[in-house]
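Position 479, counted from 1, in the sequence shown is what the UniProt record's numbering calls 479; the numbers after and before it change by one each time, with no gaps.
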Amino acid sequence: MNPIYHADTLSPGNDMIVDSEDLLNDAEAEKDDADIAIINPEDEPAYRADDFEGMKELVLPDLQEQPPILETQVHNWAIENWRDHPRRDHGPIFEAGGHPWRVLFFPNGNNVDYASLYLEHAYPEGNPPDDFTCCLQFGLVVWNPDAPSIYQFHTAHHRFTKEEGDWGFTRFVELRKLYTTTWDDSGRYLLGDNYTANITAYVRIVKDETGVLWHNFNNYDSKKETGYVGLKNQGATCYLNSLIQSLYFTNAFRKAIYQIPTQDEETLQNSAYTLQRLFYQLQTSNTAVGTNELTKSFGWETRHIFEQQDVQELSRKLMERMEEKMKGTQAENVLSQLFCGKVRTYISCINVEYESRRVEDFWDIQLNVSGNKNLEDSFKDYVQVEVMNGENQYFAGEQFKLQDANKGVIFETFPEVLHLQLKRFQYDIDRDAMMKINDRYEFPETFDAAPYLSDDADKSESWVYQLHGVLVHSGDLNAGHYYAFIKPEKEGWFYKYDDDKVTKATMREVLEENFGGEYLMPNGTPQMRTKAKPLIRQMSAYMLVYIRQSRLDSVLLPVTNEDTPPHLQKKLDEEAALREMKRKEREEQHLFLNCKVITDDTYRAHGGTDLTAFDRIYSEEEPAAPRYYRLLRKSTVKELAAKIGGDTGIDPRRIRLWAMVNRQNKTIRPDGPIPDMNVSVEEAYQRLGGSKSAELRLWAEIAEEVNAEGDAVWPATPSQTNGNAPKTDLIVLFLKWFDVESQSLSGAGHIYISREKKVEDLVPVILKKMGWTEKTQLRLFEEIKPNMIEPMKAKQSLKAAELQDGDIVCFQKADAKSSESDRESVTHLTNQLTLADNDDRSVSSPKSSLLSKTSSNSSEKPPSSKSSVALDRIDNAQQFYDFLAHRREVKFHPHPTRNANPEQWQPFELILSNKHSYDQIAAKVGEHLNVDPTHLRFWTVNAANGNPKASVKRGQSQTLNTILNPPYSTFSNANQRPDALYFEVLDISLTELDTKKALRVVWLSEGMSKEEPFDILVPKNGTVEDLIAALIKKAQLEDEEKAGPIRVYETHSSKIHKILSRESSVLGITEYVHVIAERIPEEDLEPDTELIQAFHFQNEPSKSHGIPFRFKVIAGEVFSDTKKRLEKRTGIKGKNFEKIKFAIVKRSSYSKPTYLTDDSVLESMLAAEDDMLGLDHVDRSRVVRNGADLFLK
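Below you can see the structure in the form of structure tokens.
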């Protein structure tokens, strides 16, 4: 009895596990499987464990990878007494491949009820050289020395390294089979007498040609090992990475891309610039590169890009875009020279001298895989000649009339770089789905294209092509993986580019493993034929790249950094330096503390609530942005003041820093000055920061007075802890000005004032600070928090008003028309003081302005400030704060299908309030578009695809906030964008629209082959008669008296649901049906006409499609004549009509169609009144229905 064995079985860790019991069970199960071929055991050779040469054939079978064999060694270890060995033991050391080896032995198992055996290197102290790597195939055999025919063995292969120095079998053989269970009918045990045994190690050293044979790729560095880097897998990028790598290593293409001038358009919207960036990064980066910049510049969304186009379309679109960019540059025409050939389509008469020909450019060739064994067969199939004779004769003009002719294509020239698209994916009409063809299809390393050229082609130069790239798909249609094999240099290796991993590849990996079809045996022979389905390869080539051998030097010319545009190198080097700096910052983050400082200048420019917006991301040039410092935690506050002084041009001695704290009302205000300027910023942060953020937030106060030595003289405050300061009740208040005229809010500095003073005492101070006359009247408010702005009482003391350090007082000029109720908060005082320096006036923040903002691509000019202020003017600071709390920037886009002249409108943006009603939103949009706001309807935007989602209902309770953020979720408002709306300009007002019913009617003209949709508005109390009248007017049709009556019917699931009478109310037409209108055919108008319902389906009646119709049944008419009427009725002509199969279909959902022949009589085949005529043909609209149009990018 021969032992059952299993080759190439690996476990995930250092211990290789092969369960012999499972293997035995599997083998016995296979004997019972009727699909497995029965092999006669007598035909198998009998092996003896003491025949080492013979056992090699069994223990070391051929490997699938077929690596070259360097050396084979056999080592035998005699075990005297199995039970006497320790728990872990080692066999004698032997050498193979220049390395020492030994067997690692666990006689009683490595924590399992099995004996465990491993092979390990035998370097002293288990410490091999750092570069130790050895690929070997090995087998371990335990056998009875008294009966060599009794043995157990397992075989494996492994890449031994310093980290993985042992490999083997934890479950080599069950312990009970060693001692208590006889091995076979001989009655003997696996162990010999006195528990003796032999352990033989068979070790075969193989050559690691690629450096990655059986590699686990832990810590693998593609750039270090190969000199190349891959592309990141960024999700759903499919074949894009493979295509980009193929084009990148077409060096002439890369050089041409570099020659496109992009120095004046260094934006990520420029596709040529992003492709240059990508190529340069592939050229210089040490790690994998991303493709997001490229896909975004092309407007490709990864969710949709590959649903709508195959690799051929993707490649062609990329080429077209680059050709546009190359026009007028030194790279013009380079792409056509590289990738474009010429093909001639001809029809040549056989018996007369007449030929019609057309020559076209081609950029790639699509070759059939199905039915062809190899590339040569596909080319022969491509250029095969079709004879046109019999009924298919060719009309050769009036002179020759109909003639027998040869029809075909032939190539006039091939390009230098030949892209061959292998049609691995084809539509299966029976399955109604795309299917992958996994047939074996061979392609050579070189092939001669000359036989496929026309006789008059220039053949003075060789047309032999060299394989340069193989793009591979592994998996099926619905799930798979893409990678490529590319040969970057003329004389060199192929490399496998598998997303971010690059490895060397053998020619076997490039060719044989990508032919598809059945797996071959290691010796190259096909699998043994059995009843079971053979094992089919899931990976196969779908695109081949060949380069003309005589042009290899010009196509694969060297590309160096000198070929790259200098501005590109500079830009990317700067970005790389910035990334390195940020990386270093992250590593040293624990040593540094981020600090944000507000000054009087940043406060003046701030146009919102509080003193600044610490959490907002500002651009560097914004004057309101807090100053940012990255400080060593051990640096002092004094050093920080020096940095601030250097930036602002102020003597650091005049700078005092206040710690900002988070108040309970969610505001951030100064709490008190830092008394000791010599403490570290870390200590200041810990003791006085009071901020829960990860940064130190400070206010830099600038002293207005200095002493004779130039040191600052500071007002004392209650919160000040300086022991030398006198006791005082002064508090520091921040002033904020609401400018009614410019409709803006801005900081106006700070003041010190006694808490015992009254609110009215603030007025002269403010007038002096602002430089206003003493007659100026003010209204004062306290900004407690963003949504709490309270008017201040003139006679109330600041102490009674509970003001403290860091509070904000907002003021505005009082309107002479202010109501008496507001007079208490308005103080009328005269003041002789004037402001000496009037340069400190605050600047209006653009973010606070009420003026409508328009995007740069809008064709309209933004409304003027004067008109906008007049429309939106807010006279009260409280109301303005309310607006700031509820303002919202909304993007408006023209509806892509419902506007009469969509090109007339451009997208734009408006700043609105969340409280705006529907009518107020319409007024704003109407003002911008210069249209009547009553004629505007809005639609929400689907966040998933950017399409219009649902129309917005006009209602009294509707606000901008409830429109964009519905308070409850429904199917219609789920997954909608919160920052955008579509607008539709109506022909009538919304009020009038509410009295109408909107219906989409499909008008059929030219039989059933042309469908024209129209949106019709009919009074809600109207009838189908009114609908027909409106359709005639909208579609500009001839009236019914001249052209014939019109029929209207409803369809559902592509079947007729109801024929609508002219008196039917339009209110009865639901949104779940389609409304179809057509001229009634003349034959249908004849008296006593019997009509049958007809519909389209594909394969099964349940898979209905298209528009159904009614068709006249003529008594006794054979179906060959009926088909002629059907051809006229449907408008489907020629070959498309010939492909239709006709059947009688019962109403029952589960009935099978009864197909008709030309001899059938339709009338006699109809058994029931509701029988239907079915037209079985391919649904041509399927791709259109499943496609996705992106309106918003």
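The C-beta atom is built at its ideal place from N, Cα and C for all residues, glycine as well.
Take the Cβ of N505 as the centre, count every other Cβ of all protein chains shown within 10 Å, and call the residue buried at 16 or more, exposed below.
The sequence shown places Ala at residue 505, not Asn. By the 10 Å Cβ count, A505 comes out buried.
Inset, instruction - Since I believe T262 is in contact with Q245 (beta carbons under 8 angstroms), could you give me their beta-carbon distance rounded to a whole number of angstroms? - result: In fact, because the Cβ distance is near 22 angstroms, the residues do not count as touching under 8 angstroms.
Rounded separation between I789 and L910 - CA only:
26 angstroms
| If L778 and V763 are in contact, beta carbons under 8 angstroms, what's the gap, nearest whole angstrom? | 5 angstroms
Measure the Cβ-Cβ separation of I547 and F249 and say whether it is below 7 angstroms. no
Worksheet item: Where do the N-terminal and C-terminal ends of the beta strand (DSSP E) with K813 fall, by residue?
Response: I808 to K813
message: Mapping the DSSP letters down to three states, classify T1130 as helix, strand or coil.
response: helix
| request: Measure the beta-carbon distance from residue 1198 to L1004 and round it to whole angstroms, keeping in mind my assumption that it falls under 8 angstroms. | output: Not covered by the structure: residue 1198. The range shown for the chain is 1 to 1193.
Taking only the alpha-carbon atoms, compute the straight-line gap between L568 and E265 and give it to the nearest angstrom. 11 angstroms
Should A49 go down as buried or exposed, given a rule of 16 or more other Cβ atoms within 10 Å for buried? buried
Checklist entry - Whose C-beta lies closer than 7 angstroms to the C-beta of A943 among residues of the same chain, with five residues either side of it excluded? => result N975, Q976 and R977
Taking its Cβ as the centre, do 16 or more other Cβ atoms sit within 10 Å of P124, making it buried, or is it exposed? exposed
Notebook entry, point to check: In three-state DSSP terms, what is R87?
Noted result: coil
I need the straight-line Cα distance from S754 to Y603, nearest angstrom please.
23 angstroms
* Bridge-paired residues (DSSP) for R586 -> Paired residues: none, contrary to the question.
- Task: Leaving aside the five residues before and after S867 along the sequence, list all residues of the same chain whose C-beta is less than 6 angstroms from its C-beta, in chain order.
- Result: For S867, the predicted model reports a pLDDT of 32, less than 50, meaning its position is unreliable; a value from the coordinates is still stated below. Closer than 6 angstroms at the Cβ level, and outside the excluded window around S867, lies no residue.
- Query: Who are the Cβ neighbours of S108 in its own chain at under 8 angstroms, not counting the five residues just before and after it?
  - Reply: Checking the sequence shown, residue 108 turns out to be Asn, not Ser. Correct list, in chain order: R87, A115 and L175.
For L767 and Q664, what's the separation of their Cα atoms in angstroms?
32 angstroms
Q) Between the beta-carbon of A122 and the beta-carbon of I93, is there less than 7 angstroms? A) yes
Please tell me whether D364 and Q312 are closer than 7 angstroms, where the distance is taken between their beta carbons. yes
Residue interval of the alpha helix (DSSP H) (run including G926):
Y918 to L929
In three-state terms, what does DSSP make of K571?
-> helix
Please determine, among I655, P670 and P675, the residue with the shortest C-alpha to C-alpha distance to N662. P670
**Prompt:** Which class does L511 belong to by DSSP, given the choice of helix, strand or coil?
**Reply:** coil
Quiz prompt | Own chain, CB closer than 6 angstroms to L1156, minus 5 neighbours either side, in chain order | solution = F1119 and F1142
### Task
Can you say whether M581 is buried or exposed, counting buried as having 16 or more other CB atoms within 10 angstroms of its CB?
exposed
With a Cβ-Cβ cutoff of 7 angstroms, do V103 and T200 count as a contact? no
Query - Cβ-Cβ distance between T959 and K949 below 7 angstroms - result: no
ask   = Over what stretch of residues does the alpha helix (DSSP H) that includes M55 continue unbroken?
value = F52 to V59
Subject >> Given 8 angstroms, three or more beta-carbon pairs between the segment 470 to 479 and the segment 182 to 193 >> reply: no
According to the neighbour-count rule (16 or more other Cβ atoms, all chains shown, within 10 Å of its Cβ), is A998 buried or exposed?
-> exposed
Along the beta strand (DSSP E) that carries I911, what are the first and last residues, could you check?
F908 to S913
- Message: Checking 7 angstroms against the spacing of the C-beta atoms, do G371 and V385 come in under that value?
- Response: no
message = Let me make sure I understand the geometry here. Which of S635, L282, P675 and L422 has the alpha-carbon closest to that of K501?
response = L282
I'd like the span of the beta strand (DSSP E) that includes V1018, first residue to last.
K1010 to P1019
Could you tell me which whole beta strand (DSSP E) segments of length 3 or greater appear in the segment 1052 to 1119? 1055 to 1060, 1074 to 1079, 1090 to 1098 and 1100 to 1113
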